[in-house]
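Asker:
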Amino acid sequence: MQVIENMRVFNIRGGGLHPVIVELRTKDGIVGYGEAAVAYGLGADAAAGMLSDLSPRVIGADATYPRHVWQEIYDNSFWTKGGGAIEFAALSAIDQALWDIKAKSLGVPVYEMFGAKFESTIETYANGWSTLHDDVTAWANSAERPLKDGFRILKCYPLATRQKGATLRHVQRRQLDDDAFRRAIDRVKTLRKVVGPDIGLMFDLSGGLNNDQLIRFMDVCAEVGAIWVEEPLDPFNFQGLKSLAGRWPVPIAAGERIYTRNGFRNLLDTGGVDIVMPDVGNCGGVFELVQIAAMAETYNARLSIHNCASSLLTAASVQVASASAMTMPLETYPYYSEKNDYVQVLKNPPEKAIVNGKLQVSAAPGLGAEIDLNAIAPFCSFDYVRDAA
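Under the working numbering, the sequence shown has 521 at position 265, and the numbering climbs by one with no breaks.
1. How would you write the range of the beta strand (DSSP E) that Y589 sits in, first residue to last?
2. Could you tell me which residues DSSP pairs with I627 in its beta bridges?
3. Can you give me the C-alpha to C-alpha distance between E594 and D643, rounded to a whole angstrom?
4. Let me check understanding here. Comparing Cα to Cα, which of P590, V601, D318, Y598 lies closest to K614?
5. What is the rounded straight-line gap between the Cα of S573 and the Cα of A509?
6. Go to A304, then tell me how far its alpha helix (DSSP H) extends in each direction, as first and last residue.
7. Could you give the distance in angstroms between the alpha-carbon of L489 and the alpha-carbon of D468?
8. With M458 as the anchor, note down where its beta strand (DSSP E) starts and where it stops.
9. Report the residue from V276, E261, D351 whose alpha carbon sits nearest the alpha carbon of N267.
10. From which residue to which residue does the beta strand (DSSP E) around Y640 run?
11. DSSP state of C564, grouped into three classes?
12. Please report how far the alpha carbon of L307 lies from the alpha carbon of G339, in whole angstroms.
13. What residue range is occupied by the uninterrupted alpha helix (DSSP H) comprising E479?
14. Have a look at G527 and N630 and give me their C-alpha separation to the nearest angstrom.
15. Looking at C-alpha atoms only, which residue of Q575, P621, Y289, G496 is the closest neighbour of L280?
16. Mind checking which residues open and close the alpha helix (DSSP H) that includes K360?
17. Roughly how many angstroms separate the alpha carbons of E343 and E544, rounded to a whole number?
18. Can you tell which of V444, L461, R558 has the C-alpha that lies nearest to the C-alpha of R425?
19. Helix, strand or coil: how does DSSP classify E207 here?
20. Could you check which residue in V259, E379, K498 has the C-alpha nearest to that of K283?
21. According to DSSP, is K595 helix, strand or coil?
22. Once the 5 residues before and after K373 are set aside, which same chain residues still bring their CB inside 6 Å of it?
23. For W326, count the other beta carbons within 10 Å of its own beta carbon; 16 or more makes it buried, fewer makes it exposed. Which is it?
24. Kindly provide the ranges of any beta strand (DSSP E) runs that are 3 or more residues long and lie completely inside the segment 506 to 537, ordered along the chain.
25. Output yes or no for whether 9 Å exceeds the beta carbon distance between K608 and I627.
26. Indicate whether D356 and L623 have their beta-carbon atoms separated by less than 9 Å.
27. Give the DSSP-derived three-state secondary structure of G463 in the structure shown.
28. Here's the rule I'm using: 16 or more other beta-carbon atoms within 10 Å means buried, otherwise exposed. How should R250 be labelled?
29. For chain D, find out if any of its Cβ atoms is closer than 9 Å to the Cβ of V325; answer yes or no.
30. Please name the residue in A416, D391, A293 whose C-alpha comes closest to that of P534.
31. Taking the continuous alpha helix (DSSP H) assigned at I441, which residues delimit it?
32. State buried or exposed for Q352, treating a residue as buried only when at least 16 other CB atoms are found within 10 Å of its CB.
33. Look at the Cβ atom of P402, then the Cβ atom of W385, and state whether they are nearer than 9 Å.
34. Check L489 in the structure and name its three-state DSSP category.
35. Give the straight-line distance between the Cα atoms of G316 and M263, rounded to the nearest whole angstrom.
36. Can you check DSSP and say which residues form a bridge with W484?
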């Protein structure tokens with residue numbers, strides 16, 4: 257047995273990112289880590305609190321069987337059934353840490369747990385490169401950096417505006433004024449001119465536009481040959497997504513704010529998405545994402561794992577991506593670490609190992625993540641040790 261004796265939670269602040277990391281330690285001294293993927297937006301404090309609330313279901317549990325622990329939490333926490341971001345971000349972090357422990361105890365990488373390693377290298381795409389400018393030309397020219405660094409696929413937020421601290425303000429009340437809408441269209445067209453015809457482009461609308469503006473904007477995305485348009489509508493507007501299906505030769509992607517197999521089944525049943533985007537840090541965890549990926553195959557939908565948090569989540573995402581058959585390039589933020597006060601939680605961040613847009617899949621035991629304890633120690637918000645009795 258791998259009995260969990262200690263649980264610590266780290267509520268990290270720095271560089272505009274708020275990673276929440278859980279550490280589980282077994283009686284035999286094996287340590288596993290996981291991340292609650294609410295590092296952007298609001299919710300980190302709540303996720304840290306939820307992790308502490310779930311600790312009675314974790315301390316004393318046997319990490320040999322991660323699915324048993326997951327089911328115990330799901331069945332006996334009440335709000336996990338039908339729950340949302342905070343419940344499932346916390347459960348996802350615990351699940352990652354459990355699989356990290358199990359794989360380490362066997363001396364194998366996590367992907368071995370699922371009997372597959374479809375690729376030795378994972379193709380990635382760059383996000384976060386366009387947040388420093390609002391001007392159309394400067395915004396589009398920002399793409400020159402990731403291209404120089406070898407990325408062949410880029411994602412961006414053409415509807416968003418820059419806020420203090422280089423964070424983004426997305427569409428308000430599902431509409432843009434005329435000037436902002438024209439700027440968004442000009443951004444897309446200018447970006448295609450800057451990068452040329454052979455670079456892949458994806459456009460994230462972050463929950464979207466009203467129908468009349470969306471129709472015009474989708475026409476432009478089709479014109480520039482977008483790989484996909486992400487979250488063109490509120491992700492829970494399943495009927496709205498269904499109404500968009502097949503109207504343009506541009507795939508629709510969604511999923512970062514959908515949770516568990518149940519949520520993705522409802523999404524896929526509409527026929528409104530071509531690409532599902534579960535996040536291993538909030539969909540329910542490692543095994544839940546593996547099951548979502550398998551379910552998506554039965555709908556002939558592809559998988560692109562959402563990833564917008566610390567380097568720990570990137571490491572976990574790589575492991576699951578390599579074990580999935582129909583996966584598309586993995587999201588990365590290669591320039592996050594350059595922000596002031598950024599806290600790098602790993603000694604071996606995968607982002608630094610990307611070469612020409614490719615990332616080698618780690619064969620190290622567990623998630624392959626080497627935690628920098630000196631970096632995260634000041635942010636410990638919860639430390640619970642099992643009663644020896």
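Just so you know, even glycine gets a beta-carbon here, dropped at the ideal spot from N, CA and C.
Answerer: Taking the structure as given:
1. No beta strand (DSSP E) contains Y589, which DSSP labels as neither H nor E.
2. L602
3. If I take the Cα positions, the gap works out to 42 Å.
4. P590
5. C-alpha separation (whole angstroms): 18 Å.
6. 300 to 314
7. 12 Å
8. 456 to 460
9. Comparing Cα positions, the closest option is V276.
10. 636 to 641
11. coil
12. 14 Å
13. 467 to 479
14. 47 Å
15. Nearest in C-alpha terms to L280, of all of Q575, P621, Y289, G496, is Y289.
16. Counting along the chain, the alpha helix (DSSP H) containing K360 begins and ends at 341 to 362.
17. 14 Å
18. L461
19. As displayed, the chain neither begins before 257 nor continues past 645, which places residue 207 out of reach and without an answer.
20. Answer by Cα proximity: V259.
21. coil
22. Sequence-distant partners of K373 (beyond 5 residues in either direction) whose C-beta falls short of 6 Å from its own C-beta, in its chain, are Y367, S578.
23. buried
24. 508 to 510
25. no
26. yes
27. In this structure, DSSP gives G463 a state outside helix and strand, which the three-state scheme calls coil.
28. Outside the displayed range of the chain (257 to 645) lies residue 250, so it cannot be described from this structure.
29. Of the chains in the structure shown, none is chain D; there is only one protein chain.
30. A293
31. 434 to 451 is the span of the alpha helix (DSSP H), which, as asked, contains I441.
32. buried
33. Yes, they are a contact pair.
34. coil
35. 10 Å
36. M458
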